[in-house]
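Asker: Residue numbers (my numbering): -2 to 220. The C-beta atom is built at its ideal place from N, Cα and C for all residues, glycine as well. Quick caveat: nothing in here was measured; it's all calculated off a predicted structure. Pasting a structure here, questions to come.
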């Protein structure tokens, strides 16, 4: 059986579990080659996700801009210039300074950059993201950034077997998402709720996620 069969079967198995074509699967390809990542794109509706800018750029060059590659990992301000204009969505905005740098680089390139605010629902010191109380502050700040559109929210659940806790975290972000959606902003439109990875994507889907960032469940068993 070829690598393509493994990758495709894994994705189709996940899609069958989800039973919801409105959910976008972002195949996190940080641990695989560009050639292997390309196999995931054979499945309609699948896009790629990279954690690190260096690997993002390698994949971008390989696909020559023809694949949609999300930047899902922490983004330093000094690396914004490398991804603006090359990604459909940055998942990990967590400061006014980062928003302003994205605005600066987007304006210079005459593009509009779509971003998600990364929210820290569970207080883990090692996790990036803004406290839920600071989300509106970022949204209001971004009203002055015409080249940056906030398209939704992202979060990461802690590594735990406590499914109730994970569901509570995802449910809380969904509630924030819904509350923001009730308001009208110039540069914010709640479209995407990015939460859920290999270990908890079904819980995330049940709590309203419409983007799932899945890596090892897709790229496992590659011969």
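By how many angstroms is the C-alpha of residue 143 removed from the C-alpha of residue 117?
Answerer: Approximately 26 Å between the Cα atoms of the pair.
Asker: Go through its chain and collect everything with a Cβ distance to residue 174's Cβ below 8 Å, but skip five positions before and after it.
Answerer: Around residue 174: 149, 150, 187, 190 and 205.
Asker: Compare the C-alpha of residue 105 against each of 114, 77 and 128 and name the closest.
Answerer: That would be 77, whose Cα lies nearest to the Cα of residue 105.
Asker: From this set, 26, 40 and 22, which residue's C-alpha is nearest residue 2's C-alpha?
Answerer: Closest option to residue 2, Cα to Cα, is 40.
Asker: Evaluate residue 198 with the Cβ neighbour count: other Cβ atoms within 10 Å of its Cβ, from every protein chain shown; 16 or more gives buried, anything less gives exposed.
Answerer: Counting Cβ neighbours within 10 Å, residue 198 comes out buried, since at least 16 surround it.
Asker: Which residue from 60, 176, 194 and 68 puts its Cα closest to that of residue 213?
Answerer: Closest by alpha carbon: 194.
Asker: I'd like to know if the region 160 to 169 and the region 178 to 186 are in contact, where contact means that at least 3 CB-CB pairs between them fall below 8 Å.
Answerer: No, because fewer than three Cβ pairs between the region 160 to 169 and the region 178 to 186 fall closer than 8 Å, the two stretches do not touch.
Asker: Sort out for me which residues DSSP pairs residue 191 with in a bridge.
Answerer: Bridge partners of residue 191: 151 and 208.
Asker: What residue range is occupied by the uninterrupted beta strand (DSSP E) comprising residue 46?
Answerer: Note, residue 46: beta strand (DSSP E), 43 to 47.
Asker: Compare the Cα-Cα distances from residue 210 to each of 13, 27, 6 and 16 and report the closest residue.
Answerer: Per the Cα distances, 27.
Asker: When the distance is taken between beta carbons, is residue 74 closer than 7 Å to residue 98?
Answerer: It is a contact, given that the beta carbons lie within the stated cut-off.
Asker: Which of helix, strand or coil does DSSP assign to residue 139?
Answerer: Residue state, collapsed to three classes: helix.
Asker: Which stretch, first to last residue, makes up the beta strand (DSSP E) that contains residue 51?
Answerer: No beta strand (DSSP E) holds residue 51; the alpha helix (DSSP H) holding it covers 50 to 60.
Asker: Over the uninterrupted alpha helix (DSSP H) stretch that includes residue 95, give me the two end residues.
Answerer: Run containing residue 95: 93 to 106, per the alpha helix (DSSP H) assignment.
Asker: With DSSP collapsed to three states, give me the class of residue -2.
Answerer: For residue -2, the pLDDT reaches just 41, beneath the cut-off of 50, and the residue's location in the model is therefore unreliable, although a value from the coordinates is still provided. Residue state, collapsed to three classes: coil.
Asker: Where does residue 46 land, buried or exposed, given buried means 16+ other C-beta within 10 angstroms?
Answerer: Buried.
Asker: So the candidates are 96, 35 and 31; which of them puts its Cα closest to the Cα of residue 8?
Answerer: Residue 35 is the option with its Cα nearest to residue 8.
Asker: Can you name, in chain order, every residue of its own chain whose Cβ lies under 6 Å from the Cβ of residue 135, other than the five neighbours on each side?
Answerer: Once the five neighbours on either side are set aside, the close Cβ partners of residue 135 are 114.
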